[in-house]
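J.:
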Amino acid sequence: MESSIYFIFLGLILILLSFDRHFKQLSKKSLGKAFKYITNIYGAIFLIVSLVKLVNIFGLSLGITYWFGFLGLAIVFIAVVFAYRPKTLVALIAVYPLLMLFT
Amino acid sequence: MSDNFRQPMSWLHTWSGLILGWLLFAIFVTGTSAYYKQEITLWMQPELHKSIKSEKTLDVAMQKAMQLSSKLDTTSIYLPNSRANTIRVFLPNTSKNKENASKKRRRGVLKHFDASTGEELKPRQTAGGNFLYRFHFELYSFPRSQGRLIVALATMIMFIAIITGVIIHKRIFKDIFTFRPKAGPRGWMDAHIIPAVATLPFLLMITYSGLLHLNNSLLPWSMKTLFDGDFRTYKQEIRSLKNKDEITSKKQVAKKEEKVLIKASSEPSQAQKIFNARLNRDLQVARHSNFDARKVSNIQRIISANTRRNLFQNRTNTKIKEESLTKAKLETILLKANKIWPNNIGYFSIIKKANSVQVEVLPENPSTIFNFKGDRESALYDGKTTAIIKKSVPPFTSSVLMNTYYSFLSLHMVHFADSNLRFIFFIFGLAGVVLIGTGLMLWIKKREYKNSKKKSLGFWLVEKLNLGTIMGLMLAIAAYFIVNRLIGIETENRRLIEINTFFIVWLLSYLHALVRETSKAWMEQLWFAIRIYIFIPILNAIVVFGSFSQIFNRDSILINFDLFFIFTALVLALILMILKRKAKIRKIDGK
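Respectively, the protein sequence lines represent chains A and B. Residues in the first sequence are numbered from 104 upward in steps of one, following this note's numbering. Residues in the second sequence are numbered from 10 upward in steps of one, following this note's numbering.
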């Protein structure tokens with residue numbers, strides 16, 4: 104389940120990076136077209152993977168319910184934290200893989 | 010979508026949201042609290058707090074079940090779980106004065122037992138989480154049907170506001186992460202949009218399922234026409250449709266059982282056979298000789314009485330014989346069920362039937378959202394052999410319509426949720442509260458400038474009502490918790506005192522808002538709310554705990570309550586800080 108939550112978070116961060124406005128909050132460079140497409144598509148793929156994983160764990164009905172639940176929480180969390188600490192938020196995507204590496 | 014279409018939608022969104030916004034705010038606050046209805050009731054009954062789940066719990070529960078099953082036909086045991094810390098036993102009402110008892114009591118009472126010692130715990134009378142829960146769909150002191158109708162109309166307005174909100178929001182996905190807290194009214198707009206977009210599926214689901222729950226209040230005509238306004242028959246019809254498949258199979262089983270029962274029980278003993286033969290001979294004689302009708306009917310009556318007695322005796326004998334469920338067998342059954350739902354047994358019941366004893370086991374967290382009242386995931390075991398009879402996983406009917414309907418109702422009430430999912434739903438409920446609260450504030454913020462030029466009564470009224478509803482409810486709920494600890498345990502009408510306190514404090518908040526200048530009233534009520542929320546855990550510690558160690562030696566449910574109160578106080582303190590800073594800036598700007 105933890106990995107599904109991480110994939111939702113990662114997917115949403117990638118989608119966030121594909122928006123011009125938010126990208127500018129992070130970097131002075133302008134957003135490249137290829138980067139925009141890649142982040143958008145990979146973001147969507149991670150979201151789909153998380154949905155499949157949750158359905159596998161909890162079954163169809165509960166899996167979808169859980170997915171919408173985590174998705175909503177992640178959106179609120181990202182929107183609020185990104186407004187105050189954008190770089191820290193993006194750096195958070197490294198936490199889970201690092202934890203996995205050391206445990 | 011053209012602006013010609015968006016503009017009227019925006020008008021509809023603003024005004025429909027405003028007019029019933031205060032009621033919707035109250036419905037969302039109390040409805041969100043209903044996710045923890047059981048926990049609130051537990052918090053409000055400190056007599057139950059000492060019960061702590063231990064290794065002995067299952068043993069104690071089984072012992073209690075065995076004791077009670079000798080007296081009762083159905084013994085239902087609820088094990089302690091993430092929502093309750095006691096062993097609960099449902100005792101059905103068998104007394105004759107059922108009709109006089111309240112609806113709840115008519116069905117029976119729930120008794121609490123200590124999870125480690127098995128000692129009976131007698132909790133104080135309280136309105137508990139049930140009052141807040143019922144308020145969110147039928148308000149209070151209104152006749153039930155009217156209360157429900159008002160809530161149903163408010164729900165319909167909410168549904169309209171959600172749909173129009175989606176229509177008027179042009180960049181729904183592009184602005185999904187946009188939050189600009191320092192952008193004035195735009196910041197308020199973001200705070201209104203983020204919870205709305207993030208929890209949009211939840212909001213649609215909760216509002217639509219709310220409408221389905223109250224369908225009968227909004228559209229009563231089908232019931233009036235088809236069932237002559239008879240709610241019970243109407244409900245029965247729905248139930249029969251829902252359980253159509255199940256009923257057909259149940260009927261077949263029952264018929265088979267009946268046949269076996271009659272065959273087995275009508276077999277008379279040897280002495281009975283001789284007696285019956287003699288009676289039959291007398292009957293023949295009476296019929297053939299001079300046909301004494303009186304004598305014939307007398308003999309016939311004796312025969313039928315004998316048969317009846319025989320039947321009853323045999324039933325009692327089989328009952329005694331079949332009551333061979335022992336504690337060891339019960340343990341085996343629960344172990345078997347534990348293999349199906351590892352560490353997830355929530356409930357079991359011993360059901361005595363005419364010629365068998367069955368044990369039904371239910372998981373604490375079911376594996377599907379189809380979980381509503383009668384439709385529960387369960388496993389049925391034979392008490393004699395401990396073999397599994399059947400495992401049922403809902404949905405039980407093949408009707409798509411009924412399954413859709415009941416899954417919506419189930420989603421609304423989250424009967425299926427484990428503690429994680431329940432918490433997510435609770436957070437989403439709070440997001441709904443923030444959504445409505447910010448919506449109400451947004452109306453003010455957008456018109457602040459215009460009002461500073463020309464004062465309007467409408468603006469003044471909305472300002473006061475916003476304050477009285479938002480802060481008033483916060484204070485009323487806190488007072489509701491506090492008064493529970495302050496009034497005597499034996500006081501009569503405790504329930505009523507708690508409820509009255511809730512409404513009086515809410516009313517006082519409106520009055521305070523009316524007499525004070527709005528921005529000052531906001532700060533004063535926030536200041537008071539912070540202190541009152543911090544006070545709850547302190548008061549609880551003083552009134553309930555005998556020693557310091559008890560504070561940590563409690564069930565986690567109760568510790569979470571204290572944390573929630575402190576967290577709420579911190580959030581309120583943050584809001585107060587922001588308001589004070591803004592007031593300072595305004596003062597400097599004014600100078």
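C-beta: ideal position from N, C-alpha, C; glycine also. As the structure is a computational prediction, the values presented were derived from the model and not from experiment.
1) Please identify the residue among V514(B), K59(B), K191(B), L213(B) whose C-alpha is closest to the C-alpha of G174(B).
2) Are the C-beta atoms of Y169(A) and some chain B residue less than 8 Å apart?
3) If you measure beta-carbon to beta-carbon, which residues of the segment 361-376 of chain B are closer than 7 Å to chain A?
4) A388(B) by DSSP, collapsed to three states: which one?
5) Straight-line CA distance for I481(B) to L517(B)?
6) Who does H121(B) pair with in a DSSP beta bridge?
7) Mapping DSSP to helix, strand and coil, what is P375(B)?
8) To which residues of the same chain is T395(B) closer than 6 Å at the C-beta, ignoring the five residues directly before and after it?
9) Would you kindly work out how many angstroms separate the C-alpha atoms of I398(B) and S78(B), rounded to a whole number?
10) Using a Cβ cut-off of 8 Å, pull out every chain A residue sitting near R189(B), in sequence order please.
11) State yes or no: is the C-beta of F165(A) within less than 8 Å of the C-beta of T377(B)?
12) In or out: P101(B) buried (at least 16 other Cβ within 10 Å) or exposed?
13) Sorted by chain position, which residues of the same chain lie with C-beta nearer than 6 Å to R153(B)'s C-beta, five sequence neighbours on each side aside?
14) In chain order, which continuous runs of the alpha helix (DSSP H) of length 4 or greater are located wholly inside the segment 461-539 of chain B?
15) Near R241(B), which residues of its chain fall below 7 Å by C-beta distance, leaving aside the five closest residues on each side in sequence?
16) Excluding five sequence neighbours on each side, which residues of the same chain lie with their C-beta closer than 8 Å to the C-beta of K46(B)?
17) Would you mind working out which of T39(B), D391(B), L585(B), F570(B) sits nearest K362(B), comparing C-alpha positions?
18) What separation, rounded to the nearest whole angstrom, lies between the Cα atoms of K65(B) and M71(B)?
19) Taking 8 Å as the CB-CB limit, is A207(B) close to chain A?
20) Do F379(B) and L418(B) have their C-beta atoms closer together than 8 Å?
21) Does the distance between the C-beta of L158(B) and the nearest non-hydrogen atom of the ligand NAD fall short of 7 Å?
22) What's the C-alpha gap between Y458(B) and P194(B)?
23) Taking CB distances under 8 Å as the criterion, tell me whether S164(A) reaches chain B.
24) Would you give the residue range spanned by the beta strand (DSSP E) that T83(B) belongs to?
25) For the alpha helix (DSSP H) holding K59(B), just list the boundary residues, first then last.
26) Considering Cα atoms alone, identify which of I172(B), R503(B), F511(B) is closest to M5(B).
27) Should S275(B) go down as buried or exposed, given a rule of 16 or more other Cβ atoms within 10 Å for buried?
28) With which residues is V368(B) paired in a DSSP beta bridge?
29) I'd like to know if the segment 144-158 of chain A and the segment 109-118 of chain A are in contact, where contact means that at least 3 CB-CB pairs between them fall below 8 Å.
30) Going by DSSP, name the residue or residues bridged to I354(B).
31) Out of curiosity, what's the CA-to-CA distance linking W20(B) and I177(B)?
T.: Once the coordinates are examined:
1) Here residue 174(B) corresponds to residue number 165 of the second sequence, with the count starting at 1. When the alpha-carbon of G174(B) is set against those of V514(B), K59(B), K191(B), L213(B), the nearest one is in L213(B).
2) By 1-based counting over the first sequence, the position of residue 169(A) is 66. Taking a beta-carbon distance threshold of 8 Å, Y169(A) counts as an interface residue toward chain B.
3) The segment 361-376 of chain B vs chain A, Cβ under 7 Å: S376.
4) Stepping through the second sequence from its first residue, residue 388(B) is reached at position 379. When secondary structure is reduced to three states using DSSP, A388(B) falls in the strand class.
5) Residue mapping note: residue 481(B) aligns to position 472 of the second sequence, counting from 1. Residue mapping note: residue 517(B) aligns to position 508 of the second sequence, counting from 1. Contrary to the premise, residue 481(B) reads as Gly rather than Ile in this sequence. Spanning the two alpha carbons is a distance of roughly 8 Å.
6) To locate residue 121(B), count along the second sequence from 1; it is residue 112. Under DSSP, H121(B) takes part in a beta bridge, and its partners are R97(B), L130(B).
7) In the second sequence, counting from the first residue as 1, residue 375(B) sits at position 366. Coil, per DSSP.
8) By one-based count along the second sequence, residue 395(B) stands at place 386. Hits under 6 Å: K338, T341, I342.
9) Along the second sequence, one-based indexing puts residue 398(B) at 389. Along the second sequence, one-based indexing puts residue 78(B) at 69. Rounded to the nearest angstrom, the two C-alpha atoms are 20 Å apart.
10) Position 180 of the second sequence, counted from the start, is the residue given in the question as residue 189(B). Within chain A, the residues near R189(B) are A186.
11) One-based indexing of the first sequence puts residue 165(A) at position 62. One-based indexing of the second sequence puts residue 377(B) at position 368. According to the sequence provided, residue 165(A) is Leu. The question's Phe does not apply to it. Cβ distance < 8 Å, so L165(A) and T377(B) count as in contact.
12) Numbered from its first residue, the second sequence carries residue 101(B) at position 92. Burial call: exposed.
13) The residue you call residue 153(B) lines up with position 144 of the second sequence. Counting only Cβ-Cβ distances below 6 Å, and skipping sequence neighbours, we find E147.
14) The qualifying runs are 466-495, 503-524.
15) For the purposes of this step, residue 241(B) is identified with residue 232 of the second sequence, where counting begins at 1. Result list for R241(B): empty, nothing under 7 Å.
16) Within the second sequence, residue 46(B) is the residue found at index 37, counting from 1. Non-local beta-carbon contacts of K46(B) in its own chain, meaning distances under 8 Å to residues more than five positions away in sequence, involve G137, G138, N139, L141, Y142 in chain order.
17) Here residue 362(B) refers to the residue found at position 353 when the second sequence is read from its first residue. When each option's Cα is compared against that of K362(B), the closest is D391(B).
18) If you number the second sequence from 1, residue 65(B) lands on position 56. If you number the second sequence from 1, residue 71(B) lands on position 62. CA-CA distance, K65(B) to M71(B), rounds to 10 Å.
19) Taking the second sequence and counting its residues from 1, the one referred to as residue 207(B) is at position 198. Put simply, the CB of A207(B) is near chain A, with a gap under 8 Å to one of its CB atoms.
20) The sequence position of residue 379(B) within the second sequence is 370, counting from 1. The sequence position of residue 418(B) within the second sequence is 409, counting from 1. In this structure, L418(B) does not lie closer than 8 Å to F379(B) by Cβ.
21) The ligand content of the structure shown is nil, which means the ligand NAD is not present either.
22) Against the second sequence, residue 458(B) aligns to sequence position 449. Against the second sequence, residue 194(B) aligns to sequence position 185. Annotation: Y458(B) to P194(B) spans about 11 Å, alpha carbon to alpha carbon.
23) As a working note, residue 164(A) is residue 61 in the first sequence. At least one chain B Cβ lies under 8 Å of S164(A).
24) Taking the first residue of the second sequence as 1, we reach residue 83(B) at position 74. For T83(B), the enclosing beta strand (DSSP E) begins and ends at 83-87.
25) Here residue 59(B) refers to the residue found at position 50 of the second sequence. Element bounds for K59(B): n/a, residue is neither H nor E.
26) Because chain B in this structure spans residues 10 to 600, residue 5(B) falls outside the shown range and cannot be described.
27) Here residue 275(B) refers to the residue found at position 266 of the second sequence. Low confidence applies here, because S275(B) scores a pLDDT of 43, under 50, leaving its location unreliable; read the following figure in that light. It counts as exposed.
28) Position 359 of the second sequence, counted from the first residue, corresponds to residue 368(B). According to DSSP, which records beta bridges pairwise, V368(B) is partnered with I359(B), Y390(B).
29) Put simply, the segment 144-158 of chain A touches the segment 109-118 of chain A. At least three CB pairs are less than 8 Å apart.
30) Your numbering for residue 354(B) matches position 345 in the second sequence. Residue pairing for I354(B): DSSP places it in a beta bridge opposite P372(B).
31) In the second sequence, counting from the first residue as 1, residue 20(B) sits at position 11. In the second sequence, counting from the first residue as 1, residue 177(B) sits at position 168. About 10 Å.
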